[in-house]
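**Q**
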């Protein structure tokens, strides 16, 4: 991989000298070595035969030096993770599959593979096949008349998506999915590629997808993603691209390098309608293509993956030896403005707000938080005594940083860019301290859904096992904010049977439930666990989990309505207290875990101290107005920066 990076920058240096398109092509052909003759065959074939196909061939070849694929024995071991997950029992956790494959094949690393460059391996027959099929679908489909040549080259023509093995995938996929559009082609809407994309997505969504981000990091899989339906957002977006491009629909993948409120990158599909407007979807979770500006994830910077290299970026960056790795190979375009719409902001900080000395032209990076790091998501050049970033989406906390080739250094205080107004608010610790009562180390993300599912749930008591007659003792009106919520019941009546019944549409999601005779009791009542059997997808989320004493397990009823879990005490008991835990992602404070609180000041994270939690909350003394980060040294990895205001954690 190291040699590949050196080679890339060597060719980038050569391309800097190119002042015309022919020189870019000539440089690529020179880099082909013994394979030049194969590429020349394609150019010679189309030069007199078809001007558009010749230009398309030039487009592919001049950008080919930067593309390639991995090969090697270990590649098949990597692909097993996805192929074997297809039939892996739902009742078992995906980690069991991972551990099994590690025992059988050893730990996988992409460094075990060999990288083969397309410019030195692609033959004429392969390239001609892809060009012919791409032009066939572009020229024959009724919506093709709305797709201009440049859009065709970038978002239909490419023979590959990423670094997957080369294959002749177009014909097979076209013949499989084209019949779905036969009736549509006869309608008045047949000239709109977005409508065609909707019909194809409707079909793709019928498959059974199994999402996991736990597999090792490796190359793209190729068109096999269409038969496996396993992996993460990268594999699912690839599946959509293969189908849409095989049918001549301009599409691709947009992404964020890191989410503005999560420690992860994210990919999603885009498609262009007949007017060239962008619509997006996340397969298989969204039913329809929606407008880009309606996408709630649009914070910071959004980028569109391209086959062609950004030649202007190469020229600008060529003189810098210390470019942050994510920007060294600019096969993407900044499309932030398509997503932010009227909420598209400029961030401009004068040198008076920056630490360190900057010279005209120095690179400055815009960063978002990723755990205890600040990850660059965009760059600019220091000019006229300020760092100015155009096209930025708000609603997130940023900082600016410099990169020296090995590490970054923050050069500004963290600041919030308000989503609706574009105003900037700096976060700087004050001299005075305050008491911080902390219940979580991360915002709830998926748990927001789980927590909200408890709203409308009820605790009921009855003397009948079927709850044909019952009293409602507690109505949950707010989503829980801590691991254990204590509720006091006002009824003096004893009951033999008590239960928690989830609200309609909530799958009775609950992690823990306990009944106490007296408010001061620490040992709950015991009896026979009762409830509605059946859990969604597998048998590991049954109603019994609500009484196993483990907040990491939960009840996830197989139906959205009617689920409940409870206890038969054997004889009537008066219950004064109920304690419940929502289904969660283990981001609350856990008794017995070791935590450490940090605050940002002086351009770095500073430790406030470590504590062993003795309950579901911990208490610290910290500076007012500071930015904090709570790390769990015992378990878990999801942690986010937060402010503390009015007695509450505000996560970013």
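In UniProt numbering, the protein residues as written are 1 to 652. For each residue, glycine too, the CB sits at the ideal point set by N, CA and C.
#1: Between which two residues does the beta strand (DSSP E) harbouring residue 528 extend?
#2: So the candidates are 600, 579 and 366; which of them puts its Cα closest to the Cα of residue 485?
#3: Could you tell me which residues DSSP puts in a beta bridge with residue 630?
#4: Going by CA-CA distance only, name the one from 159, 193, 108 and 104 that's closest to residue 124.
#5: Suppose contacts are defined by Cβ-Cβ distances below 8 Å. Is residue 386 in contact with residue 334 by that definition?
#6: Quick one: Cα of residue 228 to Cα of residue 82, how far?
#7: Under a Cβ-count criterion, where at least 16 other Cβ atoms within 10 Å of its own Cβ denotes burial, should residue 612 be classed as buried or exposed?
#8: Exposed or buried, which one is residue 339 when buried takes at least 16 other CB atoms within 10 Å?
#9: Should residue 75 and residue 113 be called a contact, given that it needs their Cβ atoms to be closer than 8 Å?
#10: For residue 1, which residues of its own chain have a beta-carbon under 8 Å away from its beta-carbon, when the five flanking residues on both sides are left out?
#11: Of the residues 177, 36 and 365, which one's Cα is nearest the Cα of residue 408?
#12: Considering only residues of the segment 432-464, which uninterrupted beta strand (DSSP E) runs meet the minimum length of 3 residues and lie entirely inside it, listed in chain order?
#13: Give a yes or no on contact between the segment 624-643 and the segment 593-605, applying the rule of three or more CB pairs nearer than 8 Å.
#14: Below 8 Å on the Cβ atoms is my guess for residue 556 versus residue 509; work out the distance and round it to an integer in Å.
#15: What residue range does the alpha helix (DSSP H) around residue 227 cover?
#16: Using only the alpha-carbon positions, how far apart do residue 215 and residue 299 sit?
#17: Taking buried to mean at least 16 other C-beta atoms within 10 Å of its own C-beta, is residue 449 buried or exposed?
#18: Using the Cα positions of residue 291 and residue 194, report the straight-line distance between them to the nearest angstrom.
#19: Could you spell out where the alpha helix (DSSP H) holding residue 419 opens and where it closes?
#20: In whole angstroms, give me the CA-to-CA distance for residue 630 and residue 617.
#21: Less than 8 Å separating the beta-carbons of residue 435 and residue 621?
#22: Determine whether the beta carbon atoms of residue 225 and residue 239 lie at a separation below 8 Å.
#23: For the ligand ZN, I want to know if residue 381 counts as a neighbour, meaning its beta carbon is within less than 7 Å of at least one of the ligand's heavy atoms.
#24: So does the segment 280-297 actually touch the segment 141-154, counting three or more Cβ pairs closer than 8 Å?
#25: In this structure, how does DSSP classify residue 348 when only helix, strand and coil are distinguished?
#26: Relative to the C-alpha of residue 490, which residue among 575, 592, 254 and 232 is closest?
#27: Looking at the secondary structure, which residues open and close the alpha helix (DSSP H) in which residue 54 lies?
#28: DSSP on residue 381, reduced to helix/strand/coil?
#29: To the nearest angstrom, how far is it from the Cα of residue 498 to the Cα of residue 517?
#30: Could you work out which residue in 96, 567, 515 and 583 is closest to residue 541 when comparing CA atoms only?
#31: Using 8 Å as the threshold, is the segment 318-332 in touch with the segment 166-177, meaning 3 or more CB pairs across them?
#32: Could you tell me which of 566, 500 and 488 sits nearest to residue 526, measuring between CA atoms?
#33: Let me know the secondary structure DSSP gives residue 573 once reduced to three states.
#34: Between residue 264 and the rest of its own chain, which residues show a CB-CB distance below 8 Å, the 5 nearest in sequence each way excluded?
#35: Whole angstroms are fine: how far does the CA of residue 168 sit from the CA of residue 40?
#36: Where residue 313 and residue 590 are concerned, what is the direct C-alpha to C-alpha distance, given to the nearest angstrom?
**A** So, from the listed chains and residues:
#1: Where residue 528 is concerned, the enclosing beta strand (DSSP E) stretches over 528-531.
#2: The shortest C-alpha separation from residue 485 is found at 579.
#3: Residue pairing by DSSP places residue 630 opposite 597 in a beta bridge.
#4: For the residues 159, 193, 108 and 104, the minimum Cα distance to residue 124 belongs to 159.
#5: At least 8 Å separates the beta-carbon of residue 386 from that of residue 334.
#6: Distance between the alpha carbons of residue 228 and residue 82 is about 7 Å.
#7: The residue in question, residue 612, is exposed, as its Cβ has fewer than 16 Cβ neighbours within 10 Å.
#8: Classification for residue 339: buried.
#9: Remark: C-beta atoms of residue 75 and residue 113 approach each other more closely than 8 Å.
#10: Caution applies to residue 1, whose pLDDT of 43 falls short of 50 and renders its modelled position unreliable; the model cannot decide the point.
#11: Closest by alpha carbon: 365.
#12: Those beta strand (DSSP E) runs which fall completely within the segment 432-464 and span 3+ residues are 433-438 and 458-462.
#13: Result yes; three or more Cβ-Cβ pairs closer than 8 Å.
#14: By a beta-carbon distance limit of 8 Å, residue 556 contacts residue 509. Their separation comes to about 6 Å.
#15: Looking at the DSSP string, the run of the alpha helix (DSSP H) that includes residue 227 is 225-228.
#16: C-alpha separation (whole angstroms): 27 Å.
#17: Classification of residue 449: exposed, given that the 10 Å Cβ count is below 16.
#18: Take the alpha-carbon of residue 291 and the one of residue 194: they are about 11 Å apart.
#19: Annotation: residue 419 is outside any alpha helix (DSSP H) and is labelled neither H nor E by DSSP.
#20: Answer to the nearest angstrom: the Cα atoms are 12 Å apart.
#21: A contact, by the Cβ cut-off of 8 Å.
#22: Yes; because the gap between Cβ atoms is below 8 Å, this pair is in contact.
#23: Absence of the ligand ZN is noted for the structure shown, with no ligands found whatsoever.
#24: Counting Cβ pairs under 8 Å, fewer than three are found: no touch.
#25: Residue 348 sits in a strand when the DSSP states are folded into three classes.
#26: Closest option to residue 490, judged by alpha-carbon separation, among 575, 592, 254 and 232: 575.
#27: Taken as a continuous stretch (DSSP letters only), the alpha helix (DSSP H) holding residue 54 covers 51-63.
#28: Residue 381: strand per DSSP, three-state reduction.
#29: Cα to Cα, residue 498 sits roughly 12 Å from residue 517.
#30: When only C-alpha atoms are compared, the closest one is 583.
#31: The answer is no - the segment 166-177 does not touch the segment 318-332, with fewer than three Cβ pairs under 8 Å.
#32: Ranking the options by Cα distance to residue 526, first place goes to 566.
#33: In this structure, residue 573 counts as strand in the three-state DSSP scheme.
#34: Excluding residues within five positions, the ones whose Cβ falls inside 8 Å are 213 and 258.
#35: Cα to Cα, residue 40 sits roughly 20 Å from residue 168.
#36: The alpha-carbon atoms of residue 313 and residue 590 are separated by roughly 48 Å.
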